[in-house]
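Peer 1: Residue numbers (my numbering): 1 to 337.
Glycine is no exception: its CB is placed at the ideal position from the N, C-alpha and C atoms.
Structure incoming, see below.
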Ligand code: KG4
Ligand code: ZN
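Shown next, in the form of structure tokens:
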């Protein structure tokens, strides 16, 4: 019959459920939450309420789309953290109840590890090779930025991480300064394609080791806009595409330079990018360029698997199932891991 995992992701503002069988994704449903848009960021209390309203219909749809009966589910995998506690609690409580009622194992998943493991999802339509180990992955999302080293599916080490803002936050906060709606990352990406990335120069931070910092970039972007707006009140409107292209280029440079440093330090050339920001076309192009120059075997996730989704929880759950890494009913979600 194989191993069929029902997976739940609810760490931030997307309620997602997926069915993963033997490493293949049968369904992956994501209910986003428009409610946060007018607030310019995720409102935790509203996120938990929306998860509560969405979780049963999303799971129901995921099972239907997969053509899977509830009796075929081998185990229930859910995001334990990191994330918003109230949001995590909705997913964890649903998962515990489901596993208890069906008398199946419960599997807790680290959200960051799951982002990295998207590269191991199998596909029926194409026989795409999975990364070999050790595997180095730049993880860039709205809440996290770091370089992860995978020794096996279940052994992950953080080689460096941000000391302040995440890369996605840099996109979102700078976008907000330009009057773009939350989350600004995708819109900056779209506008950047029409702009000149050499129009403006923003300095890169000097951070030791394989760590990152983005708060200085946000501040210098703020001061830059403030000064230019004094001379020309329409400066942003007149230069939006060039501002987006220049900002995107510097963020991609900061990220890829550290990834190159990590590859040099470890000698690893099986390289991937993952997380919401890995959808960014500037970052993808910069990664491809580095891969060509350095002979990397590069792994870039499909667009649907960059942002938060339950398929990544399902693939991680699948490997944990094979490793018999199960959780008890006393497991508690953790905002920080
Ligand atoms: O992984 P994710 O869905 O959620 C977290 O775990 O944080 O990442 C969301 C982040 C947001 O900051 C969003 O602006 C950013 O990913 N993002 C992008 C793009 N698509 C999403 N940033 C830049 N370019 C994009 N195309
Ligand atoms: Zn995420």
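Is any non-hydrogen atom of ligand 1 found closer than 7 angstroms to the C-beta of residue 188, if you look at the structure I gave you?
Peer 2: Flag set: Cβ of residue 188 near ligand 1.
Peer 1: Examine ligand 1 and report whether any of its heavy atoms sits within less than 7 angstroms of the Cβ of residue 118.
Peer 2: Because no heavy atom of ligand 1 lies under 7 angstroms away, the Cβ of residue 118 does not count as near it: no.
Peer 1: Excluding the 5 residues flanking residue 48 on each side, which residues of the same chain have their C-beta closer than 8 angstroms to its C-beta?
Peer 2: Result list for residue 48: 84, 86, 87, 89, 90, in chain order.
Peer 1: Whole alpha helix (DSSP H) runs in the segment 184 to 271 with 4 or more residues, listed along the chain?
Peer 2: Those alpha helix (DSSP H) runs which fall completely within the segment 184 to 271 and span 4+ residues are 185 to 192, 215 to 231, 235 to 266.
Peer 1: Rounded C-beta distance between residue 304 and residue 185? I'm assuming under 8 angstroms.
Peer 2: With a Cβ gap of about 16 angstroms, residue 304 and residue 185 do not count as contacting.
Peer 1: Report the three-state DSSP secondary structure of residue 116 (helix, strand or coil).
Peer 2: If DSSP states are grouped into helix, strand and coil, residue 116 belongs with the helices.
Peer 1: Assuming residue 73 and residue 4 are in contact, meaning their beta carbons sit under 8 angstroms apart, how far apart are those beta carbons, in whole angstroms?
Peer 2: About 5 angstroms; that satisfies the 8 angstroms criterion.
Peer 1: Can you pull the DSSP bridge partners for residue 9?
Peer 2: According to DSSP, which records beta bridges pairwise, residue 9 is partnered with 16.
Peer 1: Cβ of residue 92 within 8 angstroms of Cβ of residue 80?
Peer 2: Yes; because the gap between Cβ atoms is below 8 angstroms, this pair is in contact.
Peer 1: Using the three-state DSSP reduction, which class does residue 43 fall into: helix, strand or coil?
Peer 2: Here residue 43 sits in coil by DSSP.
Peer 1: When we look at the beta-carbon of residue 233 and count the other beta-carbons within 10 Å, is it buried (16 or more) or exposed?
Peer 2: Its Cβ having fewer than 16 others within 10 Å, residue 233 is exposed.
Peer 1: Taking the alpha-carbon of residue 236 as reference, which of 179, 60, 321, 95 has the nearest alpha-carbon?
Peer 2: Checked all of 179, 60, 321, 95; the closest Cα to residue 236 is 179.
Peer 1: Tell me the rounded alpha-carbon separation between residue 24 and residue 42.
Peer 2: Going by the C-alpha atoms only, they are around 31 angstroms apart.
Peer 1: Among 281, 51, 292, which residue has its Cα nearest to the Cα of residue 193?
Peer 2: For the residues 281, 51, 292, the minimum Cα distance to residue 193 belongs to 281.
Peer 1: If you measure from the CB of residue 10, is any heavy atom of ligand 2 nearer than 7 angstroms?
Peer 2: Residue 10: no, Cβ never under 7 angstroms from ligand 2.
Peer 1: Touch check for the segment 164 to 173 and the segment 308 to 320: three-plus C-beta pairs under 8 angstroms?
Peer 2: Counting Cβ pairs under 8 angstroms, fewer than three are found: no touch.
Peer 1: Any heavy atom of ligand 1 inside 7 angstroms of the beta-carbon of residue 209?
Peer 2: Answer for residue 209: no, Cβ out of range of ligand 1.
Peer 1: In this structure, does DSSP put residue 316 in helix, strand or coil?
Peer 2: Residue state, collapsed to three classes: helix.
Peer 1: Closer than 7 angstroms by C-beta to residue 222: which residues in its own chain qualify, once you throw out the five before and the five after it? Chain order, please.
Peer 2: Excluding positions up to five away in sequence, the list reads 177.
Peer 1: Using 8 angstroms for Cβ pairs, my map puts residue 11 next to residue 111. What's the rounded Cβ distance?
Peer 2: Rounded, the Cβ-Cβ distance is 5 angstroms, consistent with contact.
Peer 1: For residue 286, which residues from the same chain have a beta carbon less than 6 angstroms from its beta carbon, with the 5 sequence-adjacent residues on both sides left out?
Peer 2: Contacts found: 252, 256.
Peer 1: Quick check: the segment 260 to 273 against the segment 126 to 137, are there 3 or more CB pairs under 8 angstroms?
Peer 2: Taking 8 angstroms as the limit for Cβ pairs, the verdict is that the segment 126 to 137 does touch the segment 260 to 273.
Peer 1: By Cβ distance, which residues of its chain are closer than 7 angstroms to residue 215, with the 5 residues on each side in sequence left out?
Peer 2: Same-chain partners within the cutoff: 164, 165.
Peer 1: Could you pull out every residue in the same chain whose Cβ sits closer than 8 angstroms to the Cβ of residue 160, ignoring the five residues on either side in sequence?
Peer 2: Once the five neighbours on either side are set aside, the close Cβ partners of residue 160 are 146, 147, 209, 210, 211, 212, 258, 262.
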